[in-house]
Amino acid sequence: MRRARNLERRTDTREVWIKDDTVNPTLSFKDRPVAVAIAKAREWSLPAVGCASTGNLAAAVSAAAAKARIPCYVFVPASLEPAKLLLPRLYGGIVVPIDGTYDDANRVAFQVADQRGWGFVNLNLRPYYAEGSKTLLFETWEQLGFELPDVIVSPLGSGLLLTSLEKGHRELSELGEAPERPPRLVGSQPAGCAPIVRGFESADGRPRPVRKPDTIAESLAIGDPGSGFEAIQSIRETHGFADAPTDAEILEGVRLLAREEGVFSEPAGGTTVATLKRAREDGRIDRDERVVLLVTGNGLKTPAVWGNAFPPLAPIPPTLAAVDAFLGGRARG
Amino acid sequence: MVRIVLASPIATATGGERELEVDFQGTLRDLFDVVTTKYGRQFQQRILEADGALRRFVNVYVNGEDARFLAGLDTPIPRDATVDLLPAISGG
């Protein structure tokens, strides 16, 4: 957990913290749920494990399966960024590249797991997997001195992370370790794939599936979120809200995180920053609320989102004159 | 023949049968009526809400396409179609 004082100034917020999961073993928060699911797969001596993934989960499952010496199969959209296809293969996972969206990969993965008796962490091992996600709430509570914040801003993919936060609070409260009143849970999803946000905005509270997600935040590009309905309920019950920043706002959020706090996030992290910024501007988050932003994946996995924003640098000779010219003159004083 | 493939959590409603073949042409709603006639109301209750809408815990695919993106229960089912019934579980 990092206190984000520069971001506080930029967003005019009294207290902002970053729950930084960019530095987990496989560089995303997915190591948390996978640890529990793979432990269960070992307990049951399952012949193989796997997942359907937008990238981060594929790496986390492959790494944990390598350590547990269990064969691993990960189903991903073939269009994923190269780094996200590289990592699971490096860990020894078999990557099954599906010509289609994440939802297509998910459908066929379920059929394969069902037919072969394999344990897919986010499908037939999902209840155990969800238990691991709760640790984000527990750690937040512990690292804030055994207190919970007023607001937690979470990225939304399937919605399971957000519902796990709600469950984590409920359990702490039942144990008498936290007040009954939960933190306000705020979900953030890219405008190009916002089935949960649109459902939150609707009267019936049902997600609005997206057939073809269109966003740079690939890790959140789940058009048919499995826990979307429950996530909407959790957001409503905790008096939070759901928000859908644009890709441009998300990239600006990633830049802010990097330049103000020295944290390099993939677009999912920029999504939560963008939502904080938008919500401070329109008052959905109050200046005096204590806010925790979940930053769930590392930016080194998604360099392609920057396109030509950082063009190659032309080398210069190793001379003072050349450096002066490069820097536009000699600094004074 | 229309081929219906049920994931194991849903096949509890067909006595464990995971692949059904039905000589049929009509809409998805009609197809479910045919299967309900054979397997009883437990199948219908597993797939449909009391008001006749598709249950949100079940995803239906017609030749690989999510029926919600087609015409829902009014989706025409060709005579040689494959209809997959899966629990609505997705995402990390």
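First to last, the protein sequences are chains A and B. Taking my numbering, I'd label the letters of the first sequence as residues 2 to 334. Taking my numbering, I'd label the letters of the second sequence as residues -17 to 74. Every residue gets a Cβ at the ideal spot worked out from N, C-alpha and C, and that includes glycine. Please read these numbers as outputs of a predicted model, since none were measured by experiment.
Burial check for residue 301 of chain A: the Cβ neighbour count within 10 Å stays below 16, so the residue is exposed. In this structure, the alpha-carbon of residue 41 of chain A lies about 12 angstroms from that of residue 49 of chain A.
Pairing residue 215 of chain A with residue 196 of chain A gives a Cβ-Cβ distance that is not under 8 angstroms.
Bridge partners of residue 121 of chain A according to DSSP: A:51.
For residue 243 of chain A, the uninterrupted beta strand (DSSP E) run begins and ends at 242 to 244, by DSSP.
When the Cα atoms are used, residue 26 of chain A and residue 143 of chain A turn out to be separated by approximately 21 angstroms.
Residues of chain A whose Cβ lies closer than 7 angstroms to the Cβ of residue 51 of chain B are, in chain order, 212. At a C-beta separation below 8 angstroms, residue -11 of chain B has these neighbours in chain A: 111, 112 and 115.
The beta carbon of residue 135 of chain A sits closer than 7 angstroms to those of 165, 168 and 169, all from its chain and outside the five residues before and after it, given in chain order. Taking all protein chains shown into account, residue 85 of chain A has 16 or more neighbouring C-beta atoms within 10 Å of its C-beta and is therefore buried. Rounded to the nearest whole angstrom, the C-alpha separation of residue 268 of chain A and residue 12 of chain B is 45 angstroms. Taking the beta carbon of residue 207 of chain A as reference, the chain B residues within 8 angstroms of it are 38, listed in sequence order. One finds nothing in chain B with a Cβ atom closer than 7 angstroms to the Cβ of residue 197 of chain A; even the nearest lies about 10 angstroms away. Chain A places a beta carbon closer than 8 angstroms to that of residue 70 of chain B, counting this residue as a contact.
Flagged as an interface residue toward chain B: residue 227 of chain A, by a C-beta distance shorter than 8 angstroms.
Under the three-state reduction of DSSP output, residue 172 of chain A falls in the helix class.
For residue 314 of chain A and residue 325 of chain A, the gap between their C-alpha atoms comes out near 16 angstroms. Contacts with chain A at 8 angstroms (Cβ-Cβ) include residue 48 of chain B. The closest CA to that of residue 295 of chain A, considering only A:189, A:159 and A:91, is found on A:189. Look at the region 69 to 80 of chain A: it has no residue with a C-beta under 7 angstroms from a C-beta of chain B. Just measuring C-alpha positions, the residue of A:145, A:218, A:63 and A:39 sitting nearest residue 305 of chain A is A:218. Two segments are said to touch when three or more pairs of C-beta atoms, one from each, lie closer than 8 angstroms; by this definition the region 194 to 209 of chain A does not touch the region 255 to 267 of chain A. Legend: CB atoms of the region 238 to 259 of chain A lying less than 8 angstroms from CB atoms of chain B are not found in any residue. Rounded to whole angstroms, the Cβ separation of residue 57 of chain B and residue -13 of chain B is 16 angstroms, and the two are not in contact under 8 angstroms. Bridge partners of residue 85 of chain A according to DSSP: none are assigned.
Each of A:64, A:290 and A:318 was checked against the Cα of residue 73 of chain A, and the nearest Cα belongs to A:64.
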